[in-house]
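Heads up, the final residue of the sequence shown is numbered 957 in our numbering, and it's a clean run with no missing numbers. From the three backbone atoms N, C-alpha and C, an ideal C-beta is built for every residue, glycine too.
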Amino acid sequence: MQTQDYAAHDLDELDRGLVHALQIHPRAPWTLVGEVLAVNPVTAARRWQRLQEAGLAWVTAYPQLSDSRIVVTGIVEVDTEPVGEEVAETLAAEPSVANVKLTAGSRDLVIALQAADLGDLAQLSTVLFRGAPGVRATRTHVTTALPSEGSRWRLRALDAAQCARLEAALPPVEPLPPGATGWDPLDVRLLELLSVDGRMAISDLAERAGAPLTTVRRRLRGLLGSRVRLRCDLARPMSGWPMAAVYFASVPAERLEETSRALAGVREVRSCAITAGPHNLVIDVWLRAAGEVHAFEAHLSRRLPQLTIDDRSVVLRTVKHMGRLLDRSGHSVGIVPLRPFATPAPGSAAAT
């Protein structure tokens, strides 16, 4: 099935159930998915392949964002000359750039940078932006905590029993041991491969990584348990939430943890980052219509009176989403595997 065939209609019940199932358990065996959805496993696998090929849904991987020993994230506001889309597409080609949003409001772009540590983040920001054509100014907000992020968002197509069945099959997750730091070359290669296809078979991972199958199986178990997170994403227009906005907000420091927990429970909130800067919260939301931008803000003000929305920007287009390059319809049309461990060379696309 081609992209345009899907675009003419909403996802059907099986499509939605399949996406929700993989949002809960991204590497769930097709036998389990078929059991939960009451379909043949082959049918589930073929339907998923069609969704992938149409660029409507995908499973990807990225470093565990909640632990600064694994990766440091900077949210960067970028002011451009009248070539914002060209700058956005240039930055999207960089493996250290996870997200690129073309926005309206007080900034032209909002991007997310990933780096090994604060020093690398500073160097990366310098190489990417200093003297870059079209970039007029930048403001970087260092993320200090991430109470909620996109992998927790659910389509809500399955019932409680179906969700529980999938959750019960999830492998155990263990925090990174104290003192553990750094990524070796095999870790980095597996992250790259999983960011291309989070459901890639272990045998294919081993072949492409050039490592023994038993080694890859053991390493993958450790990575997915502590350093790497998987997520199933859906093209936003197909989700029923076609609009997106970014809110820059502030809350008294003593109410920060309480407020961020409350925001994590709001369905429209895709991610909530605690940042060091003029705003201590950056909130990404999905909305059903443009008119909800202010209505949602009013709702937050009533629910969380301690929260002050300092500024907001409507997302005109998401150019890159956790390594996926998106077209104007939000469909995945390419991949730049995430690799937040090396500063781009001066001659790279974003540095010229």
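If the five residues before and after Gly845 are omitted, its C-beta is found closer than 6 Å to no C-beta atom of its own chain. Around Met927, the same chain offers Thr665, Tyr667 and Ala703 as residues with beta carbons nearer than 6 Å, after the five sequence neighbours per side are excluded.
Its Cα nearest to that of Val793, the residue Ala814 stands out among Val624, Ala814, Arg741 and Leu670. In this structure the stretch 761-773 does not touch the stretch 706-720; the number of beta carbon pairs closer than 8 Å is below three. Between the stretch 934-945 and the stretch 870-888 there are fewer than three inter-stretch CB-CB distances shorter than 8 Å, so the stretches are not counted as touching. Under the criterion of beta carbons closer than 8 Å, Pro631 and Leu835 qualify as touching, at roughly 4 Å. Here Ser671 carries a coil assignment [DSSP, helix/strand/coil]. If you ignore the 5 residues before and after Leu930, its C-beta comes within less than 8 Å of the C-beta of Ala697, Val924, Ser937, Val938, Gly939, Ile940 and Val941, all in its own chain and listed in chain order. Per DSSP, reduced to three states, the secondary structure at Glu640 is helical. Taking one beta carbon from each stretch, the stretch 884-892 and the stretch 848-867 have 3 or more pairs nearer than 8 Å; the two touch. For Thr685, the closest of Leu642, Lys706 and Ala854 by C-alpha to C-alpha distance is Lys706.
Leu905 and Leu912 have their C-alpha atoms roughly 8 Å apart. Of all C-beta pairs linking the stretch 673-692 to the stretch 722-740, three or more are shorter than 8 Å, placing the two stretches in contact. At the C-beta level, Glu779 and Leu670 stay beyond 9 Å of one another. The DSSP assignment places 702-709 and 714-720 as complete runs of the beta strand (DSSP E) inside the stretch 679-744, in order along the chain (cut-off: 3 residues). Cβ atoms of Asp809 and Ala662 stay farther apart than 8 Å, at about 20 Å.
With fewer than 16 other Cβ atoms inside 10 Å of its own Cβ, Glu859 counts as exposed. Restricted to the stretch 861-911, the alpha helix (DSSP H) segments that are unbroken, complete and at least 4 residues in length are 861-869 and 897-908, listed in chain order. Collapsing the DSSP output to three states places Val676 in coil. With respect to the 9 Å criterion, Leu623 and Leu637 are not classified as neighbours on the basis of their beta carbons. Annotated as proximal: Val821 and Ala811, with beta-carbon spacing under 9 Å.
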